[in-house]
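Asks: Below is the structure I would like to discuss, written out as structure tokens.
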Amino acid sequence: MSYLRADIRQRADELVALYPERRSAMLPLLHLVQEQDGYLSEEGMAEVAELTGTTPAEVRGTATFYDMYHLEPVGKYVVGVCTNIACLLAGGEEMLEHARATLGCAVGGTSDDGLFTLEETECLADCNIAPCVQVNHRYVRTTTPAAFDALVNDLRAGKREDEIPPHGTLIRVRRSGGLRASRAQIATERDAAQSAREARAGGAK
Amino acid sequence: MTDVVETRATVTLRINGRDVEAPKGEMLIAAAERSGTYIPRFCYHPRMEPVGVCRMCLVEVEGPRGATLTPACYVQVAEGMVVTTDSDKVKKAQDGVLEFLLSNHPLDCPVCDKGGECPLQDQVLTHGSGETRFIEEKRHFEKPIPIGELVLLDRERCIQCSRCTRFASEVSGDSQIAFAGRGDRIEVAPFPTEPFDSVFSGNTVQICPVGALTATPYRFTARPWDLEQVESTCTTCAVGCRVAVQSSQNRLTRVLGVDSDAVNHGWLCDKGRFVIEAVDGDANASYLEPSRRLTSPLVRRDGELVETTWGDALATASSLLHDALSAGPDAIGAIGGAALTNEGAFAWERFMRGVLGTENVDAQYGDGLDPALVHALPLATINEMAEACTVVVLAGDIRDELPVLFLRLREGVVKGRTNIVELTSAGSSLTSLARVSLPIRPGEAHVVASAIATDDAPLTQLAAHPHGALMTSADLHEARRLIGDTGEGVVFLVGRPNVAESAEVIESAVRTFARRFPRAKFLPALRRGNVMGALDMGLTPGRGPVRSSRSERGRTTLEQLVALASGDQRVVIALGGDILTNVADPTLGRAALTAAHLIAVTGHGGPSLAFADVVLPASVAHERYGTVTNIEGRVTALAPKVTPPGAAWPDIAIAAELAEEFGQHLGLASPEDAAAAMSAAGYPAATALYAAHVEGVVVGREADLTPRRALDPMAFPGVRSADLVGLAPRAGDVQVPTMNTAALSLSRDLEVLEPREVSVPSPDAYSLRLVMNHVLYDHGASVTGTPALRALVEDVRVRVHPSDLTRFGAKDGDVVRLTSSRGTDSVVVTEDATVPRGTVVVPFGSGPHETGFRSWIVDATLPVIDLRLESQ
Amino acid sequence: MAHLTAPKIVSSRAQFDDSHTMSRYLATGGFSALRQALTMHPEDVAAEVDAASLLGRGGAGFPAGRKWSMLRKAPVTYLVVNGDESEPATFKDHYLVEREPHQLVEGVTIAAYALQVSQAFIYLRGEFALGLERVQQALNDAYEHGALGANIFGSQFSLDIVVHPGAGAYICGEETSLIEALEGKRGFPRIKPPYFPAAIGLYGQPTVVNNVETMSNMPWIVTHSGAAFAALGEGRSTGTRLFALSGRVKNPGVFELEMVKNTFRDLIYDPSLGGGIVGDKKIKAFIPGGVSAPWFGPDDLDTPLGQDEVANKASMLGSGSIVVLDEDSCVVRAAWRITKFFSRESCGQCTPCREGSGWLERIMYRLEHGGGRREDLDLLLDLCDNIAPGLTWPPQQTTICVLGPSIPSSIHSAITMFRDDFIAHVDHNGCPHD
Ligand SMILES: Cc1cc2nc3c(=O)[nH]c(=O)nc-3n(C[C@H](O)[C@H](O)[C@H](O)COP(=O)(O)O)c2cc1C
Ligand code: SF4
Ligand code: FES
């Protein structure tokens, strides 16, 4: 029985088939769990372990290396404000403080209405439009307090959902072509090769 | 390991201006250490792959761009390599690393378990500067958190060397702990819903270079400087791991693995490591509890066991024996003996055969192999198995039965040396590692063996099974391809995958393999502590002392139980084990003990004592002096660390004193006497006893007194260096006798390899055949006597293949009726696709024997047990 | 005067709002280079890249042609594109993946053909959600167009490209760490030797790792020839390059400039480029090539934008990102923030990097926020020395990867260039600018 929803599970299986080794699908699979649950649920991680041929402890250990994964539920919108060097020089710290006041939550915390989680981020590679703000990893390019407030109002009013999906949804464009994706047989062959290889190298369960 | 390296080419390099020879491919850190230059380290462990992360071992290595700082643990020696380990630059880099490691490390050495034996502390004392330059606030974590049943983690103390996580993934292969987080927030973590319950978890505690991982049973029990230590051999199973046994004030506190190249590489299983709690036992428990430690002789008066003197107990025992002798020596027998030392077994054999004149001795409980067969096989060493190209496993789950042997075998597989061909009745920890896993049903092993050995003809017989074929001829061909034509370089690991099946089935398979693959070697997977020693000493029908054969053949355990129940045998002496807990058919056991007299020689209580007339308390593990013999025939020394409690005696002394009651002197006043007698017959007991620091001596092989590896305290913190590990109290005063190999006349009775008929009733479509396999954490004395392990005993789980469940109209988790020729009962079933179709798997020894269906399900007189399963 | 006549090689479609669409790409000559390459011998394509002497654009500046020639021969080899772009103030790959994704796909396909690799991966920083979608769309377009997949444009050559999202970890830009992440593991860099990707890379197979911008140059080089590329720039620094300019300038952004022909002064002050300092203040210092690089002062403004030209002054052009600090900027705060970044991003394997970065950050925090001591300056330098012995450039290292020895750059630069500012912080018990 799959914990992942049928559609998500189908995409997960497609992802696994893309790689010569199952474990390679780890990061994209974890993004999928976040797409379903908004964060990495224990059940989701356990299923990723099964899909990648690892243990849940290894999945969790891998996930916690990366900042984009959340082990606890977060708001519908995760607001990231950059305070790294270029943004610092353009008032990033002040923007973070403003965001904290506007959203009413501490840095790293979630607002009472469960709508927003605020994060101080490292450089987001949009340094010419500083200070840089991302919501759910979409650049919103609000560099002034007034623009930020307007954005927050829009989000509260549910106005920008097309552009900014709820937290966790990363890539909305589905892979529609490709050698591997179109030829399920290659995937099957790889799986066979993979399990033979694992049997030789692998861990006893 | 070592012999492989030695055959390779060597290179010459310069370390600090001195020329040093090293085998090609060796890591610089090891080459330097061998040549007397010790390079400090934390993450490096000689038994694991290097990772080069702590950066403590930085040294200067000349390269095209001048001398660069290079981790000595991660660079292989090369011809002409120029290395400096003592320059100012090296010293500054190493001091810098040490200072960085300490920056966030708590200053809680006075309350830390590792304080006093901590490699980090030692490094700081030798190299560190006295002043700290770190004035910032240190990292904080919630204090110790349990990460498993036996292990606690203090994250503040962790230095991120990854030894524990690497052990879990690389050595034991159960990655239930992993690094989580990044940078200086890295911590070792299990998954919240899956605790670290590896049966090897204690090793992570032992190799942790700081006090981050601690073992629940040892925590806060002692300070390292109060500990006394001896080196000894673990007797929890028959692998024979070398251990350092530590005590404080005559109480056992800790057992650590000692690195033996030949056996355990420093690793232990949690049972062997933590079982010491059972030695003390529980003084308040009833005599019928295995956790009860016996401190006084007991005799039965008015139906009650009461304490008495040795004199009274010995007199009572001897009068029972005298009475029985009136009916002839066949009225007496002994069951058990694998818990004895070689010297104790030797004395008891002399007593039983020499004094009483009976041939009825059997150290096995019907779950072993014919000793004549074992002695006729060309035996492999553990290292030969670990280096074998193919290992064929026809045994129970070795991770449960001989845990550290699993680690040695797994290493060969993971490193790509070894392929496994497994014949299994229940799926095992080897299944996922095996190249070929052949499911066998009870009563089929010999047929599958012939199918592999000859051609596929027997396959048709297998295919005709009413529950369908389990393997294809392609599987068999692959198995045969991996074994090759002669079995050269192949080791067969043979034990008893199923104790509810006649031993003849497996023995027949073993004979087939031995005849068909003449160059193959065999390693017996017999699990009881010193079972090999007991067989070698002749505590078994048809075999006499020092692997000699006897013309007369006494009764096996099963035969004795039948004879006891029918009155043909009147007295049974239980040697060091509880009969009812150890036999597969306790119904027969109870009938036997009810009808007869029982003299129990044991350290612990147990259900059989309900029937005992006399109880003679014996010393147990870590209290005894002598030798034991492991599965490969390696004889190693046991050293006593604590004195036995109360009036318990060494088993050799009990035999000698009983003989005195019969007016006979065995001439075996001490283990030395017995060892000398054995050595005269070619058995290397004396050598093993006196040569304290050798890797033991393998019976029947040229005595190879390889010194045991010198220990790096950084690799095995807590184990004092080998030179300081005293062995026997008398070692050193006595000259090591050279082995008399000429006198080595161990008899190999090759006739036993000839084929024999095995008859097993055909299976029917309405029954399932019973597989009863051993699990590590069972209801035996060692586990039940150890509070820390008791919690790990699982409830009885009855496993059936899903398709069989469907066939009988049941599903996972249902309560079903199981019916055998003896009775019927309701149990919960679990579905498990690794169980061969047509079988039902019930673990032996988990769940008490006295109650429920486990007490009657096996009729040991039948070759296989067929059960009906009905859904309710 | 800025020298702005060179052609735009990787940002030629910048003026179109729909530069990310297939229709625009095809309308502007898209995939003609690939068609042309497929008519050539793979080795001849590689020879053109070699002739271009294109230096890798990911930071280390290793010539792409040489890297390709070092790929160990094996039945299975891989091409991996590094689009992790997380070096602070670097944002040129962000531009390329969002605005010119088809150019990247075509570049990767050409490179794969030259290398005869049949499986490529584009590793993109996870925070580039839009970029990930656009590159995936570009891949879908290319498959549909026959420019990717089996028998590309009817040739014998087949290629599959998978876009792989990262998940937020700067260290995964380091190529061996990126490979670990692509294998589904924690991004721990591997030890070189022996883990040079060209010998032991993805799944243990020989692997070429190149930056997004490096790949984006391929179509132009094939169409115009390696020699034409090499004719631009000077010395080892050929062609054009994207420079990401940020900080206290009036007009921050990504600019494609011919290598060496312009100086930092041109980039920062030319009205069509940086446009000068905000508020026409004085420049105090600038970082010439990402936060790992030692800083430059006003005296270095006339240094040409070339790899060796910057290296000769003991710094690096690195990822081509230039951050400008003006006279009002607090250098202690800047150096503290950069150190905090390294402490957050250290993978945590090596003791000096893991513990050293955190310790340095805490000292820097005290200096900036109160509690600084004069002796902290020597302590900072000595701790830096324990991470990068000698504090030379290029650095020596006590760590596995060069993140470790990058940590000292900002602290060392700030203390040696602006010691008085530190003393002022100590005396003021915190930042005098606050
Ligand atoms: C800490 C660290 C971070 C790096 N980050 C990136 C990066 O984000 N993008 C990149 O292309 N190269 C990065 N690199 C350089 C890569 O290791 C590698 O040299 C580069 O991808 C090779 O591509 P190129 O030859 O085309 O430049 C980084 C290196 C280090 C040590
Ligand atoms: S230097 Fe730092 S980032 Fe690089 S491998 Fe070591 S700990 Fe990781
Ligand atoms: S880096 Fe060599 S021992 Fe840790």
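Residue numbers (this note's numbering), protein chains in the order written: chain A, 1 to 205; chain B, 206 to 1077; chain C, 1078 to 1511.
Glycine included, C-beta positions come from ideal geometry on N, C-alpha and C.
#1: When the Cα of residue 1280 of chain C is compared with those of C:1486, C:1089 and C:1256, which residue comes out closest?
#2: Going by CA-CA distance only, name the one from C:1417, C:1443, C:1442 and C:1327 that's closest to residue 1431 of chain C.
#3: Assign residue 532 of chain B to one of three DSSP states: helix, strand, or coil.
#4: Counting only runs of 4+ residues fully inside the segment 1230-1299 of chain C, write out the alpha helix (DSSP H) ranges in chain order.
#5: What does the alpha-carbon distance come out to for the pair residue 1172 of chain C and residue 1205 of chain C?
#6: Hey, how far is the Cα of residue 66 of chain A from the Cα of residue 1264 of chain C?
#7: Is there a C-beta anywhere in chain C that falls below 7 Å from the one on residue 233 of chain B?
#8: Taking 7 Å as the threshold (C-beta atoms), are residue 47 of chain A and residue 3 of chain A in contact?
#9: Skipping 5 residues on each side, what residues in its chain have a beta carbon closer than 8 Å to that of residue 1436 of chain C?
#10: Would a check of beta-carbon distances place residue 149 of chain B closer than 7 Å to chain A?
#11: Just to make sure I have the definition right: I need the residues of chain B whose C-beta is within less than 7 Å of the C-beta of residue 56 of chain A. Which are they?
#12: Got a sec, what are the start and stop residues for the beta strand (DSSP E) residue 805 of chain B sits in?
#13: Closer than 6 Å to a non-hydrogen atom of ligand 3 - does that hold for the CB of residue 1266 of chain C?
#14: Return the residue from the list B:221, B:557, B:867 and B:974 that minimises the CA-CA distance to residue 520 of chain B.
#15: Excluding the 5 residues preceding and the 5 following residue 1258 of chain C in the sequence, name in chain order all residues of the same chain whose CB lies nearer than 6 Å to its CB.
#16: I'd like to know whether the C-beta atoms of residue 1282 of chain C and residue 1188 of chain C end up nearer to each other than 7 Å.
#17: Tell me which same chain residues have a C-beta within less than 8 Å of the C-beta of residue 617 of chain B, skipping the five on either side of it?
#18: Mind checking residue 1500 of chain C: buried by the 16 CB within 10 Å criterion, or exposed?
#19: Determine, using beta carbons only, whether residue 64 of chain A comes closer than 7 Å to chain B.
#20: Could you say which of A:133, A:155 and A:56 lies nearest to residue 397 of chain B if we only look at CA atoms?
#21: CB of residue 557 of chain B to nearest heavy atom of ligand 3: below 6 Å?
#22: Which of helix, strand or coil does DSSP assign to residue 940 of chain B?
#23: Suppose only complete runs of 3+ residues qualify. What are the beta strand (DSSP E) ranges in the segment 270-310 of chain B, listed by chain order?
#24: Determine the DSSP secondary structure at residue 977 of chain B, reduced to helix, strand or coil.
#25: Could you tell me the boundaries of the beta strand (DSSP E) in which residue 834 of chain B lies?
#26: Could one say the Cβ of residue 1133 of chain C lies closer than 7 Å to chain B's Cβ atoms, at least one of them?
#27: So, is the C-beta of residue 1102 of chain C closer than 7 Å to a C-beta in chain A?
#28: Is residue 259 of chain B near ligand 3, going by C-beta to nearest heavy atom under 6 Å?
#29: Could you check if residue 1477 of chain C belongs to the surroundings of ligand 2, using beta carbon to heavy atom distance under 6 Å?
#30: Quick one, which of C:1336, C:1412, C:1143 and C:1328 has its alpha-carbon nearest residue 1315 of chain C's?
#31: Cβ closer than 7 Å: which chain E residues qualify as neighbours of residue 339 of chain B?
#32: Which of the three DSSP states is assigned to residue 68 of chain A in this structure?
#33: Against chain C, with Cβ distances strictly below 7 Å, would residue 206 of chain A count as a contact?
#34: How close, in whole Å, do the beta carbons of residue 1032 of chain B and residue 1021 of chain B come, if the pair is a contact with beta carbons under 8 Å?
#35: In chain order, what are the residue ranges of uninterrupted beta strand (DSSP E) at least 3 long that sit wholly in the segment 73-102 of chain A?
#36: State whether the segment 306-325 of chain B contacts the segment 412-427 of chain B, with contact taken as three or more CB pairs (one from each stretch) at a distance under 8 Å.
Replies: Short version:
#1: Taking the first residue of the third sequence as position 1, residue 1280 of chain C is located at position 203. The candidate whose alpha carbon is nearest that of residue 1280 of chain C is C:1256.
#2: What you label residue 1431 of chain C is simply residue 354 of the third sequence in a count that begins at 1. With distances taken between Cα atoms, residue 1431 of chain C lies closest to C:1417.
#3: What you label residue 532 of chain B is simply residue 327 of the second sequence in a count that begins at 1. Coil at residue 532 of chain B, not helix or strand.
#4: 1252-1259 and 1289-1293
#5: Translated into the one-based positions of the third sequence, residue 1172 of chain C becomes position 95. Translated into the one-based positions of the third sequence, residue 1205 of chain C becomes position 128. Roughly 10 Å separates the two Cα atoms.
#6: Translated into the one-based positions of the first sequence, residue 66 of chain A becomes position 66. Translated into the one-based positions of the third sequence, residue 1264 of chain C becomes position 187. The straight-line gap from Cα to Cα measures roughly 9 Å.
#7: By one-based count along the second sequence, residue 233 of chain B stands at place 28. No, residue 233 of chain B lies away from the interface with chain C (no Cβ there is under 7 Å from its Cβ).
#8: Start at 1 with the first residue of the first sequence, and residue 3 of chain A comes out as number 3. Start at 1 with the first residue of the first sequence, and residue 47 of chain A comes out as number 47. Cβ distance < 7 Å, so residue 3 of chain A and residue 47 of chain A count as in contact.
#9: Taking the first residue of the third sequence as 1, we reach residue 1436 of chain C at position 359. Same-chain partners within the cutoff: 1460.
#10: Only positions 206 to 1077 of chain B appear in this structure, which leaves residue 149 of chain B out of reach.
#11: By one-based count along the first sequence, residue 56 of chain A stands at place 56. Within 7 Å Cβ-Cβ: 396 and 399.
#12: Taking the first residue of the second sequence as 1, we reach residue 805 of chain B at position 600. Boundaries of the beta strand (DSSP E) around residue 805 of chain B: 802-807.
#13: Here the question's residue 1266 of chain C lines up with position 189 in the third sequence. It does not: the Cβ of residue 1266 of chain C is nowhere closer than 6 Å to a heavy atom of ligand 3.
#14: Working through the second sequence from its first residue, we reach residue 520 of chain B at position 315. Nearest of B:221, B:557, B:867 and B:974 to residue 520 of chain B, Cα basis: B:867.
#15: Sequence index remark: in the third sequence, residue 1258 of chain C carries index 181 (1-based). So the qualifying residues of the chain are 1249 and 1264.
#16: Locating residue 1282 of chain C in the third sequence gives position 205, where the first residue counts as 1. Locating residue 1188 of chain C in the third sequence gives position 111, where the first residue counts as 1. Not in contact: residue 1282 of chain C and residue 1188 of chain C (Cβ atoms no closer than 7 Å).
#17: Taking the second sequence and counting its residues from 1, the one referred to as residue 617 of chain B is at position 412. Within the same chain, residue 617 of chain B has close Cβ partners 590, 591, 592, 593, 596 and 623.
#18: Here residue 1500 of chain C refers to the residue found at position 423 of the third sequence. Residue 1500 of chain C is exposed by the Cβ-count criterion.
#19: Within the first sequence, the letter at position 64 stands for residue 64 of chain A. A Cβ of chain B is located within less than 7 Å of the beta carbon of residue 64 of chain A.
#20: On the second sequence, residue 397 of chain B is found 192 positions in, with the first residue counted as 1. The shortest C-alpha separation from residue 397 of chain B is found at A:56.
#21: To locate residue 557 of chain B, count along the second sequence from 1; it is residue 352. The answer is no for residue 557 of chain B.
#22: Working through the second sequence from its first residue, we reach residue 940 of chain B at position 735. For residue 940 of chain B, the pLDDT reaches just 48, beneath the cut-off of 50, and the residue's location in the model is therefore unreliable, although a value from the coordinates is still provided. In the structure shown, residue 940 of chain B sits in coil (DSSP, three-state: anything other than H, G, I, E or B).
#23: 271-276 and 287-289
#24: Residue 977 of chain B sits at position 772 when you count from the first residue of the second sequence. Note: residue 977 of chain B maps to strand in three-state DSSP.
#25: Mapped onto the second sequence, residue 834 of chain B falls at position 629. Counting along the chain, the beta strand (DSSP E) containing residue 834 of chain B begins and ends at 831-834.
#26: Position 56 of the third sequence, counted from the start, is the residue given in the question as residue 1133 of chain C. Output row for residue 1133 of chain C: interface = no.
#27: Numbered from 1 along the third sequence, position 25 holds the residue referred to as residue 1102 of chain C. No, no contact with chain A.
#28: One-based indexing of the second sequence puts residue 259 of chain B at position 54. The answer is yes for residue 259 of chain B.
#29: As a working mapping, residue 1477 of chain C is identified with position 400 in the third sequence. Yes, the beta carbon of residue 1477 of chain C sits closer than 6 Å to at least one heavy atom of ligand 2.
#30: Residue 1315 of chain C sits at position 238 when you count from the first residue of the third sequence. Per the Cα distances, C:1336.
#31: Included in the structure are the protein chains A, B and C, with no chain E among them.
#32: In the first sequence, the residue the question calls residue 68 of chain A occupies position 68. Coil at residue 68 of chain A, not helix or strand.
#33: This structure gives no information on residue 206 of chain A, because the portion of chain A shown stretches from 1 to 205.
#34: For the purposes of this step, residue 1032 of chain B is identified with residue 827 of the second sequence, where counting begins at 1. For the purposes of this step, residue 1021 of chain B is identified with residue 816 of the second sequence, where counting begins at 1. Confirmed, about 7 Å.
#35: Runs found: 77-82.
#36: yes
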